[in-house]
Every structure is written in structure tokens, then in C-alpha cells.
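Residues 18 to 192 in my numbering are what the sequence shown spells out, letter by letter. This report refers to the structure that appears directly beneath it.
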Amino acid sequence: ETLISGIGQGFNQMTPIQLAHATATLAMRGVSISPQVARASRKTGQSELQLIATETIEALPMQKSQNWEKVINSMVEVIHGKRGTARHVGKDMPFEIAGKTGTAQVFGIKQDEEYDADSIAKKLRDHALFVAFAPADDPEFVVAIVVENGGGGSKTAAPIARKMIKQFFGITPDE
């Protein structure tokens with residue numbers, strides 16, 4: 018089961034908020050903070066974003082602290098590396114973003130068959146996932162996107178995360 022889980026397969030059930038919370042704990046190098054919901058406060062003449070207070074739940078110890086950096090640097094490469102699967106997310110951003118694309122299989126196929134989304138009913142197509150945090154070196158924002166039956170994470174979920182990151186940091190949206 019360890020090998021199966023290590024490659025993202027097996028029986029895992031997580032909500033988007035659980036994915037975001039796990040990503041935030043990674044981003045904070047093991048410090049687990051209660052998930053936070055943003056609320057917009059629209060006082061006269063203002064549109065300021067107010068965040069509810071956070072609470073540190075626990076800290077996860079790591080025998081070798083450089084292991085946090087290895088994982089985070091790998092996530093930065095997903096977005097800023099030459100072969101990253103979500104390079105479009107980091108394009109023209111003023112800071113580095115760490116992220117990970119993912120695909121959740123809904124429908125199993127036989128070992129000798131090839132997956133063809135067009136020949137499978139839409140409700141049985143893979144789910145698209147993407148998690149990210151920004152800035153990578155001093156995280157302020159974490160996002161987890163799940164697009165049901167959306168295919169691969171880099172194609173459908175990552176562009177949504179890019180829009181959310183730009184919105185949060187007040188960066189001009191893409192056209």
C-alpha cells in the first residue's frame with residue numbers, strides 16, 4: 018500500500034479543504050494552522066479583505082528539516098521548471114509559486130487497454146486536481162482545486178488556481 022500511495026494511487030478520499038490544509042502544513046514546514054476563510058468587508062469607499070483569526074493546531078516534526086525544502090523545491094519546479102507540468106501558472110508572476118498537478122482516476126481500465134477520455138462517459142472521466150501556495154518562500158495563500166471529470170490537473174484545475182492567486186495578490190487578470 019505504501020508504494021501505491023506514493024505514486025498517487027490507491028484508496029484516498031480527501032475534500033478540497035483537506036488538500037488545502039495538507040498543502041498549507043507543507044508550505045509552513047510542518048506547522049499546522051486551522052483552515053481560514055476569507056471574508057470581504059465592504060465599508061463605504063473601501064473593498065478591503067478581512068481574514069478571520071487563525072489558530073496553530075500542531076507542529077509536525079521532521080527528522081531532517083531539509084526534507085521540507087526538497088519537497089517544496091520540487092513543487093516550485095512543477096511551475097517554474099523547464100519540464101514542469103504547470104509552467105503556465107507561473108508565467109509573468111512577480112514571485113515563485115509552489116504547486117502540484119494531479120489526476121484522480123474515476124474509472125478503471127484493464128491493464129492492456131489505453132485510456133481514451135472521449136470514449137468514456139463524462140461522469141467516468143478523471144478528476145483534475147491542483148494544489149499550490151504562494152509565494153513559495155513566504156507563503157500567504159494556499160489553494161486546492163478539484164474539477165470533477167475535468168481530466169488532467171494542469172489543463173483544467175491549474176488555470177483556475179492561477180486566476181485565484183492573481184485575484185488574491187491584486188495582480189491584473191489574464192485576458
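Quick reminder that beta carbons are idealized off the backbone N, C-alpha and C, glycines included. The model shown is predicted, which means the values in this text are computed figures rather than measured ones.
_Measuring straight from C-alpha to C-alpha, what distance separates histidine 97 and isoleucine 177?_
17 Å
*When DSSP labels each residue in this structure, what does alanine 44 get in the three-state scheme?*
helix
*Rounded to the nearest angstrom, how far is the Cβ of threonine 118 from that of glycine 170, given a contact under 8 Å?*
4 Å
*Counting only runs that start and end within the segment 141-186, where is the beta strand (DSSP E) found for 3 or more residues in a row?*
As far as the segment 141-186 is concerned, its whole beta strand (DSSP E) runs of at least 3 residues are 144-151 and 158-164.
*On a CA-only basis, which of Ala115, Pro111, Ile162 and Lys127 is nearest histidine 144? Give me that one, please.*
Ile162
*asked:* Taking the alpha helix (DSSP H) that glutamate 193 belongs to, which residues open and close that run?
replied: Residue 193 falls outside the range modelled here, since the chain spans only 18 to 192, and no answer is possible.
_Simplified DSSP state of alanine 134, which is helix, strand or coil_ = DSSP places alanine 134 in helix when its eight states are reduced to three.
*Which residues in the same chain have their Cβ closer than 7 Å to the Cβ of methionine 92, if we skip the five residues on either side of it in sequence?*
Spatial neighbours of methionine 92 in its own chain (CB-CB distance under 7 Å, excluding positions within 5 residues in sequence) are listed in chain order as Ala115, Gly116 and Lys117.
*Between the Cα of glutamine 83 and those of Arg100, Leu43, Ala138 and Glu113, spot the shortest distance and give me the residue it belongs to.*
Leu43
*From the DSSP output, read off the bridge partner residues of glutamate 75.*
Ser49
_Cα-Cα separation, lysine 99 to lysine 81_ = Lysine 81 has its alpha-carbon roughly 28 Å from the corresponding atom of lysine 99.
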